[in-house]
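Q: Going by numbering that gives the first Met the number 0, the sequence shown opens with residue 0, and the numbers climb by one from there. Don't be surprised by glycine CBs; every beta carbon is placed ideally from N, CA and C.
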Amino acid sequence: MEVYHDGNTIYFKDERISRLGMTEYNKGLWELIDSTKWHPSGNYIRSSKLGYLHRVVMSYWYGEDAITEAKEKDFIVEHLDNNGVNCSLKNLCFAYQPRNRAKGQVYDILRKEMEPIIALNIFKDFKTQKFQITVGLNQQSAIKTGNDYIDITAIYLLYDNDFVRTLLDAEKILHEVQHYNEIDMKKLSFVKMSYQPTSYIEKLPGEEDAYIFERNGNHYINLDDDRIRLSQVAPNLNLYSDNKD
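#1: Buried or exposed: which applies to residue 1, given that a residue is buried once 16 or more other Cβ atoms fall within 10 Å of its Cβ?
#2: Measuring CB to CB, does residue 196 end up less than 7 angstroms from residue 151?
#3: Taking only the alpha-carbon atoms, compute the straight-line gap between residue 249 and residue 99 and give it to the nearest angstrom.
#4: By Cβ distance below 8 angstroms, which residues in the same chain neighbour residue 45 in space, the five residues on each side in sequence not counted?
#5: Please classify residue 70: does DSSP put it in a helix, a strand, or coil?
#6: Pull the bridge partners of residue 120 from the DSSP assignment, please.
#7: Identify, in the order they occur along the chain, each residue of the same chain with its Cβ nearer than 7 angstroms to the Cβ of residue 5, setting aside the five sequence neighbours on each side.
#8: When you compare only the Cα positions, how much space is there between residue 220 and residue 83?
#9: Tell me whether the segment 146-161 and the segment 210-217 touch, counting them as touching only if at least three CB pairs, one residue from each stretch, are closer than 8 angstroms.
#10: Counting beta carbon pairs with one atom in the segment 86-93 and one in the segment 111-119, are three or more of them shorter than 8 angstroms?
#11: Using DSSP with H/G/I as helix, E/B as strand and the rest coil, what is residue 113?
#12: Just the Cα atoms here: how many angstroms apart are residue 130 and residue 35?
#13: With residue 153 as the anchor, note down where its beta strand (DSSP E) starts and where it stops.
#14: Identify, in the order they occur along the chain, each residue of the same chain with its Cβ nearer than 8 angstroms to the Cβ of residue 11, setting aside the five sequence neighbours on each side.
#15: So if DSSP puts residue 217 in a beta bridge, which residue, or which two residues, is it bridged to?
#16: Please state whether DSSP places residue 15 in a helix, a strand or coil.
#17: Assuming residue 135 and residue 229 are in contact, meaning their beta carbons sit under 8 angstroms apart, how far apart are those beta carbons, in whole angstroms?
#18: Throw me the rounded Cβ distance for the residue 191 and residue 157 pair, which I believe falls under 8 angstroms.
#19: Would you mind working out which of 86, 67, 177, 77 sits nearest residue 32, comparing C-alpha positions?
#20: Would you kindly report the start and end of the unbroken alpha helix (DSSP H) that includes residue 20?
#21: Would you say residue 124 and residue 239 are within 7 angstroms of each other, going by their C-beta atoms?
#22: Out of 13, 17, 59, 15, which has the shortest C-alpha to C-alpha gap to residue 29?
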């Protein structure tokens, strides 16, 4: 397995797995990772010397005592996007093991089924210890503000440090869209939200068949085109910075 860092990310590349493994670059963490060899192990990345990468990452940032305490309470390291090689800190949290199993049987399956309509992801911010749900809207959608409706392409929902509450809201959003084609924001438990209004641009000559456009250095995608869709929307970092303790 090839291990290298580029910018703020450490990458793990191996022809036996279809996706790049990754975690955030930190000098101390890099020295630890670079001190041994890594290999694919089932759906995860492992070192014979240090163990599973996700546990190494969590131990580095949260401390070995946190790992020990979690294990004693039957908690495991949860990959929020169900991708075992994505060991980005924002993709990891501690979760009660039975809850993790339930997530795999409901949320992880429904999330993939619903991706052509909504791309829903959960993230955790290390500094504030808050969760955020992001919802990318792959079909034309609008939000009501006062007496008006605004077309939007993404929703960002901020949560306190409560994985269960965040997960239940994520499942509720998927269920409501699947069965009722709407999200009742009043029934959710977020502490703050924001949204991304839809941008409308006019196609220029020669762009009739294009689905990616560039205007003034900004790139746009045509979500009405079946050839492309959102799979993930990054968290709104401003929601975290506005809520630091």
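A: Looking at the coordinates:
#1: Against the sequence shown, residue 1 aligns to sequence position 2. Exposed.
#2: Counting from one through the sequence shown, the residue named residue 196 turns up at place 197. Counting from one through the sequence shown, the residue named residue 151 turns up at place 152. In this structure, residue 196 lies near residue 151, with their beta-carbon atoms less than 7 angstroms apart.
#3: Because the chain is modelled from 0 through 244, residue 249 falls outside the range shown and cannot be assessed.
#4: What you label residue 45 is simply residue 46 of the sequence shown in a count that begins at 1. Closer than 8 angstroms at the Cβ level, and outside the excluded window around residue 45, lie 37, 38, 39, 51, 52.
#5: For the purposes of this step, residue 70 is identified with residue 71 of the sequence shown, where counting begins at 1. Reduced to three states, the DSSP call for residue 70 is helix.
#6: For the purposes of this step, residue 120 is taken as the residue at position 121 of the sequence shown. Bridge partners of residue 120: 133.
#7: Within the sequence shown, residue 5 is the residue found at index 6, counting from 1. The answer is none, since no qualifying residue turns up.
#8: In the sequence shown, residue 220 corresponds to position 221, counting from 1. In the sequence shown, residue 83 corresponds to position 84, counting from 1. Cα-Cα distance, rounded: 29 angstroms.
#9: no
#10: No, the segment 111-119 is not in contact with the segment 86-93.
#11: Residue numbering aside, residue 113 sits at position 114 when the sequence shown is read from its first letter. Three-state DSSP puts residue 113 in coil, outside helix and strand.
#12: Along the sequence shown, one-based indexing puts residue 130 at 131. Along the sequence shown, one-based indexing puts residue 35 at 36. Rounded to the nearest angstrom, the two C-alpha atoms are 32 angstroms apart.
#13: On the sequence shown, position 154 is the one that residue 153 refers to. Where residue 153 is concerned, the enclosing beta strand (DSSP E) stretches over 147-158.
#14: Position 12 of the sequence shown, counted from the start, is the residue given in the question as residue 11. 0, 1, 2, 19, 20, 21, 37, 44, 52, 84.
#15: Locating residue 217 in the sequence shown gives position 218, where the first residue counts as 1. For residue 217, which the question treats as bridged, DSSP gives the partners 214.
#16: Locating residue 15 in the sequence shown gives position 16, where the first residue counts as 1. Residue state, collapsed to three classes: coil.
#17: Sequence index remark: in the sequence shown, residue 135 carries index 136 (1-based). Sequence index remark: in the sequence shown, residue 229 carries index 230 (1-based). About 3 angstroms; that satisfies the 8 angstroms criterion.
#18: Counting from 1 along the sequence shown, the entry for residue 191 is found at position 192. Counting from 1 along the sequence shown, the entry for residue 157 is found at position 158. Indeed they touch by this definition, with Cβ atoms about 4 angstroms apart.
#19: What you label residue 32 is simply residue 33 of the sequence shown in a count that begins at 1. For residue 32, the closest C-alpha among the options 86, 67, 177, 77 is that of 86.
#20: Here residue 20 is taken as the residue at index 21 of the sequence shown, counted from 1. Segment 20-23 is the beta strand (DSSP E) holding residue 20; no alpha helix (DSSP H) there.
#21: Translated into positions along the sequence shown, residue 124 becomes position 125. Translated into positions along the sequence shown, residue 239 becomes position 240. Closer than 7 angstroms, so yes.
#22: Counting from 1 along the sequence shown, the entry for residue 29 is found at position 30. When each option's Cα is compared against that of residue 29, the closest is 59.
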